[in-house]
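Novice: Here it is, the structure, as structure tokens.
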Amino acid sequence: MSVNKGENIGLDIEKTKTFKNFLLRENPIFYISFFIIFTILSVIGLNKSQFEKITKVLLNSIITNFGFLYLIIVLLIALVCLYLCCSSYGDIRLGKDDSKPEYSNISWFSMLFSAGMGVGLVFFGVAEPMTHFVNPIGGIESGSKSAIDFAFNTSFFHWGIHPWAIYSFLALGMAYFQFRKGEKGLISSLFSPILKGKKYEKQLKMIIDVIAILATITGVATTLGFGALQINSGLNYLFNIPNNIISQIIIIGVVTVIFVYSALGSLDKGIKTLSNLNVLISFLLLFIVIILGPTIGIFNIFSESLGNYLNNFLKISLRTNSFGDKTWLSSWTIFYWSNWVAWTPFVGTFIARISKGRTIREFIIGVVVIPSLVSFIWFSAFGTLGISLGKEFAKVAIEHTETALFLVFGEYPLGDLMSGVAIVLLASFFITSADSATYVLGMMSSDGDLNPPKYKKLIWGVFQSLLAIALISAGGLDMLKTASIIIAFPLLILLPIMIFSLFYSLKRDIFIKKRIKLKNEIKKMSLEEIGYLSDTVKDLRICKEE
693 MSVNKGENIG LDIEKTKTFK NFLLRENPIF YISFFIIFTI LSVIGLNKSQ
743 FEKITKVLLN SIITNFGFLY LIIVLLIALV CLYLCCSSYG DIRLGKDDSK
793 PEYSNISWFS MLFSAGMGVG LVFFGVAEPM THFVNPIGGI ESGSKSAIDF
843 AFNTSFFHWG IHPWAIYSFL ALGMAYFQFR KGEKGLISSL FSPILKGKKY
893 EKQLKMIIDV IAILATITGV ATTLGFGALQ INSGLNYLFN IPNNIISQII
943 IIGVVTVIFV YSALGSLDKG IKTLSNLNVL ISFLLLFIVI ILGPTIGIFN
993 IFSESLGNYL NNFLKISLRT NSFGDKTWLS SWTIFYWSNW VAWTPFVGTF
1043 IARISKGRTI REFIIGVVVI PSLVSFIWFS AFGTLGISLG KEFAKVAIEH
1093 TETALFLVFG EYPLGDLMSG VAIVLLASFF ITSADSATYV LGMMSSDGDL
1143 NPPKYKKLIW GVFQSLLAIA LISAGGLDML KTASIIIAFP LLILLPIMIF
1193 SLFYSLKRDI FIKKRIKLKN EIKKMSLEEI GYLSDTVKDL RICKEE
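Just so we're aligned, residue 693 is where the sequence shown starts under the numbering used here, counting upward by one.
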């Protein structure tokens, strides 16, 4: 018996050692991020009013002192993406030179579009153009033709090239370093060329990845909050379901169960299937809106607004209202830019994961150009649908942003059908975004593992939903916007460094390719041709010295 007890004690000690080793081996990024999010949730739960005061002070400080940085850096990223697409760098493949794309063009586009814009398009498709139509800035008369132009130009600006360029740049960098350079699938990998061999490389990379996780979970929680608010409003409009925090918590809870179940499966079975369904429902709803709405007016608005947008691209990109009230700027442009930046680690990591084998040019056309055109058509259709009902109706509709879509649908034939489809689409986008984010958070907190542990996906899935509930209860729509701007700011500062790092590596890549090509050409040459080439090089060197 004593021997057996000794054996049992030995086994217990061995199990304890194994557990301790597991904890030590576990990526510390997971624990640090988990602790910070848990702390934020605890602070909100214990003292909502104090949390709201602190966030307002931080928000005002960022907007007042650094608002211009958002505009400059985001414009720089957009120009960088367009340059990469048109330059010789566009031929570089995201992977080895013989790599092939893993997904078809349709599935690839469906997944990246669902992850990138989803809920936002449905939430703001009607509400934003109508809001700018009623409340334009710059001395434009409310409800005028100039107000219509302003409404669509601004909506195109907020949902076009700029946001998709933010996603594209980070996704491009991650795919390039991960699949071509053999780095880990982490945001910090973009800094490898300038950090490699440095004294604090490991610590700095850890800080970068923690910032990326915090930005991701906050950005996704913000979008989940928007989705819950609008789904609740739609259900209230159609079925008189109470529009309150209890209903919103139930909606988030139901959706959480669905997306966590999906996230625990494989990428192909879960996210790919949902994404294809999203795009199918989106185009169905868009088709119905174009047919039932002022069809000719929609295409006229699309054509005219696209021309105005491209013609004023630089002007509107740097509009700061220097000596005026910056409330509009913070509520719209800076909120959007910060929201896109907050979403960038998640969307960028996810798009990078599904983009192996494509060239940089194919990638930018697929992630910037085509989604921007879809967004332009979407806002032309839904915006025209709302604005055509007149200024007085728009005033009433925008009193509650989350209900604007359903009020507009109610004025058209098959309005209830369109509202029902919109709710299904919102839920589907809601699930896909959270599903994708859960996968990415698990990946980022598992040292870039492309198949992260299920328990981590479960933890992050629950936590992002809890944060969405906490932010809604702490201040609703305004708190969601505020949290997104604050958490995205550190990441914004890192983006210019990423640009430098990517170009540094791309230049070396081009140089290596040219050297390999030259070596291959020399191998094909005869000794006589090599001798002639050598003499020519010597002559050129002498001419240069003289």
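Ideal placement from N, C-alpha and C gives every residue a C-beta, glycine not left out.
Checking 8 Å against the spacing of the C-beta atoms, do PRO821 and GLY1082 come in under that value?
Specialist: Reading the sequence shown from its first residue, position 129 is the one you call residue 821. Reading the sequence shown from its first residue, position 390 is the one you call residue 1082. No. Outside cutoff.
Novice: Can you look up ARG1011 in the DSSP assignment and give me helix, strand or coil?
Specialist: Counting from 1 along the sequence shown, the entry for residue 1011 is found at position 319. Three-state DSSP puts ARG1011 in coil, outside helix and strand.
Novice: Which same chain residues, not among the five before or five after PHE722, have their C-beta less than 6 Å away from its C-beta?
Specialist: For this step, residue 722 is matched to residue 30 along the sequence shown. Contacts found: SER1137.
Novice: Going by the DSSP bridge assignment, what does ARG785 pair with across the sheet?
Specialist: For the purposes of this step, residue 785 is taken as the residue at position 93 of the sequence shown. Answer is THR1051.
Novice: Measure the CB-CB distance between ALA843 and VAL981 and report whether it falls below 8 Å.
Specialist: For the purposes of this step, residue 843 is identified with residue 151 of the sequence shown, where counting begins at 1. For the purposes of this step, residue 981 is identified with residue 289 of the sequence shown, where counting begins at 1. No, the Cβ-Cβ distance between ALA843 and VAL981 is not below 8 Å.
Novice: Note the first and the last residue of the continuous alpha helix (DSSP H) segment covering MET1135.
Specialist: To locate residue 1135, count along the sequence shown from 1; it is residue 443. First-last of the alpha helix (DSSP H) with MET1135: 1107 to 1136.
Novice: Have a look at SER900 and ASN1143 and give me their C-alpha separation to the nearest angstrom.
Specialist: What you label residue 900 is simply residue 208 of the sequence shown in a count that begins at 1. What you label residue 1143 is simply residue 451 of the sequence shown in a count that begins at 1. The sequence given here places Ile at residue 900; Ser does not occur at that position. Between ILE900 and ASN1143, the C-alpha separation is close to 21 Å.
Novice: Would you mind giving the Cβ-Cβ distance between GLY1153 and VAL946, rounded to the nearest angstrom? I have them listed as a contact below 8 Å.
Specialist: Counted from its first residue, the sequence shown places residue 1153 at position 461. Counted from its first residue, the sequence shown places residue 946 at position 254. That belief does not hold up - the Cβ atoms of GLY1153 and VAL946 are roughly 13 Å apart, past 8 Å.
Novice: Can you give me the start and stop residues for the alpha helix (DSSP H) that LYS964 sits inside?
Specialist: Counting from one through the sequence shown, the residue named residue 964 turns up at place 272. From DSSP, LYS964 is part of no alpha helix (DSSP H); its letter is neither H nor E.
Novice: Quick one: what's got a C-beta closer than 7 Å to ASN968's C-beta in the same chain, skipping five residues either side?
Specialist: The count along the sequence shown starts at 1 and reaches residue 968 at position 276. Annotation for ASN968: SER799 and SER802 place their beta carbon closer than 7 Å to its own, counting only its chain and skipping 5 residues before and after.
Novice: Using the Cα positions of ILE1026 and ASN1212, report the straight-line distance between them to the nearest angstrom.
Specialist: As a first step, residue 1026 must be located in the sequence shown, where it is residue number 334. As a first step, residue 1212 must be located in the sequence shown, where it is residue number 520. ILE1026 and ASN1212 have their C-alpha atoms roughly 51 Å apart.
Novice: Return the residue from the list TRP1029, LEU864, VAL1088 and ILE769 that minimises the CA-CA distance to ILE1046.
Specialist: Position 354 of the sequence shown, counting from 1, holds the residue named residue 1046. The candidate whose alpha carbon is nearest that of ILE1046 is LEU864.
Novice: Quick check on DSSP: helix, strand or coil for GLU1103?
Specialist: Locating residue 1103 in the sequence shown gives position 411, where the first residue counts as 1. DSSP places GLU1103 in coil when its eight states are reduced to three.
Novice: Mapping the DSSP letters down to three states, classify ASN935 as helix, strand or coil.
Specialist: The residue labelled residue 935 in the question sits at position 243 within the sequence shown. DSSP places ASN935 in coil when its eight states are reduced to three.
Novice: Given a threshold of 16 other Cβ atoms within 10 Å of its Cβ, counted over all protein chains shown, does LYS1149 qualify as buried or as exposed?
Specialist: In the sequence shown, residue 1149 corresponds to position 457, counting from 1. Classification for LYS1149: buried.
Novice: Which same chain residues, not among the five before or five after VAL766, have their C-beta less than 6 Å away from its C-beta?
Specialist: Looking up residue 766 in the sequence shown gives position 74. Contacts found: HIS854 and TRP1029.
Novice: Inspect the beta-carbon positions of LEU1053 and ASP783 and report whether they are closer than 8 Å.
Specialist: As a working mapping, residue 1053 is identified with position 361 in the sequence shown. As a working mapping, residue 783 is identified with position 91 in the sequence shown. One point to set straight first is that residue 1053 is Arg, not Leu, in the sequence displayed. Yes, they are a contact pair.
Novice: Can you check which of these residues, SER796, ILE886 and GLY852, is closest to ILE1189 by C-alpha distance?
Specialist: Locating residue 1189 in the sequence shown gives position 497, counting from the first residue. Ranking SER796, ILE886 and GLY852 by Cα distance to ILE1189 puts ILE886 first.
Novice: Alpha carbon to alpha carbon, how far is GLY1223 from LYS1215?
Specialist: What you label residue 1223 is simply residue 531 of the sequence shown in a count that begins at 1. What you label residue 1215 is simply residue 523 of the sequence shown in a count that begins at 1. Near 13 Å, if we compare the C-alpha coordinates of LYS1215 and GLY1223.
Novice: If the criterion is Cβ atoms closer than 8 Å, does the pair LEU733 and ALA1162 meet it?
Specialist: Sequence index remark: in the sequence shown, residue 733 carries index 41 (1-based). Sequence index remark: in the sequence shown, residue 1162 carries index 470 (1-based). Taking 8 Å as the Cβ cut-off, LEU733 and ALA1162 qualify as a contacting pair.
Novice: Can you look up TYR892 in the DSSP assignment and give me helix, strand or coil?
Specialist: The sequence position of residue 892 within the sequence shown is 200, counting from 1. In the structure shown, TYR892 sits in coil (DSSP, three-state: anything other than H, G, I, E or B).
Novice: Under the rule that 16 or more other beta-carbon atoms within 10 Å means buried, what is ARG1200, buried or exposed?
Specialist: Here residue 1200 refers to the residue found at position 508 of the sequence shown. ARG1200 should be labelled exposed.
Novice: Can you give the Cα-Cα distance for ILE1090 and THR823, rounded to whole angstroms?
Specialist: Indexing the sequence shown from 1 puts residue 1090 at position 398. Indexing the sequence shown from 1 puts residue 823 at position 131. Using only the alpha carbons, I get a separation of about 6 Å.
Novice: In whole angstroms, what separates the C-alpha of LYS897 from that of LEU882?
Specialist: By one-based count along the sequence shown, residue 897 stands at place 205. By one-based count along the sequence shown, residue 882 stands at place 190. Going from the Cα of LYS897 to the Cα of LEU882 covers about 10 Å.
Novice: Residues in the same chain with beta-carbon distance under 6 Å from PHE1101, minus the five sequence neighbours each way, listed in chain order, please.
Specialist: Sequence index remark: in the sequence shown, residue 1101 carries index 409 (1-based). Excluding positions up to five away in sequence, the list reads GLY1107, MET1110 and SER1111.
Novice: Please state whether DSSP places SER881 in a helix, a strand or coil.
Specialist: For this step, residue 881 is matched to residue 189 along the sequence shown. SER881: helix per DSSP, three-state reduction.
Novice: SER1226 and ALA1034 - do their beta-carbons sit closer together than 8 Å?
Specialist: Start at 1 with the first residue of the sequence shown, and residue 1034 comes out as number 342. Start at 1 with the first residue of the sequence shown, and residue 1226 comes out as number 534. No, these two residues do not count as a Cβ contact at 8 Å.
Novice: Who are the Cβ neighbours of VAL1059 in its own chain at under 7 Å, not counting the five residues just before and after it?
Specialist: Counting from one through the sequence shown, the residue named residue 1059 turns up at place 367. Cβ neighbours of VAL1059 beyond the five flanking positions: LEU804, TRP856, TYR859, SER860, ALA863 and ILE1043.
Novice: Note down the Cα distance separating VAL1088 from SER741, rounded to an integer number of angstroms.
Specialist: As a working mapping, residue 1088 is identified with position 396 in the sequence shown. As a working mapping, residue 741 is identified with position 49 in the sequence shown. Going from the Cα of VAL1088 to the Cα of SER741 covers about 30 Å.
Novice: Suppose contacts are defined by Cβ-Cβ distances below 8 Å. Is THR1124 in contact with SER791 by that definition?
Specialist: Within the sequence shown, residue 1124 is the residue found at index 432, counting from 1. Within the sequence shown, residue 791 is the residue found at index 99, counting from 1. For THR1124 and SER791, no; Cβs fall outside 8 Å.
Novice: Just tell me which of ILE909, TYR795 and LEU878 has its CA closest to the CA of ILE1178.
Specialist: As a working note, residue 1178 is residue 486 in the sequence shown. That would be ILE909, whose Cα lies nearest to the Cα of ILE1178.
Novice: Could you tell me how far apart the beta carbons of ILE1115 and GLY812 are, in whole angstroms, since I believe they sit closer than 8 Å?
Specialist: For the purposes of this step, residue 1115 is identified with residue 423 of the sequence shown, where counting begins at 1. For the purposes of this step, residue 812 is identified with residue 120 of the sequence shown, where counting begins at 1. About 16 Å; that fails the 8 Å criterion.
Novice: So, for THR1228: in the same chain, excluding its five sequence neighbours on each side, which residues have a beta-carbon less than 6 Å away from its beta-carbon?
Specialist: Numbered from its first residue, the sequence shown carries residue 1228 at position 536. Counting only Cβ-Cβ distances below 6 Å, and skipping sequence neighbours, we find nothing.
Novice: For GLY917, count neighbouring C-beta atoms within 10 Å of its own C-beta (all shown protein chains included) and say buried if the count is 16 or more, exposed if not.
Specialist: For the purposes of this step, residue 917 is taken as the residue at position 225 of the sequence shown. Around the C-beta of GLY917, 16 or more other C-beta atoms lie within 10 Å, and the residue is accordingly described as buried.
Novice: Throw me the rounded Cβ distance for the SER1120 and LEU966 pair, which I believe falls under 8 Å.
Specialist: On the sequence shown, residue 1120 is found 428 positions in, with the first residue counted as 1. On the sequence shown, residue 966 is found 274 positions in, with the first residue counted as 1. Going by Cβ atoms, the distance from SER1120 to LEU966 rounds to 6 Å, so yes, they are a contact pair.
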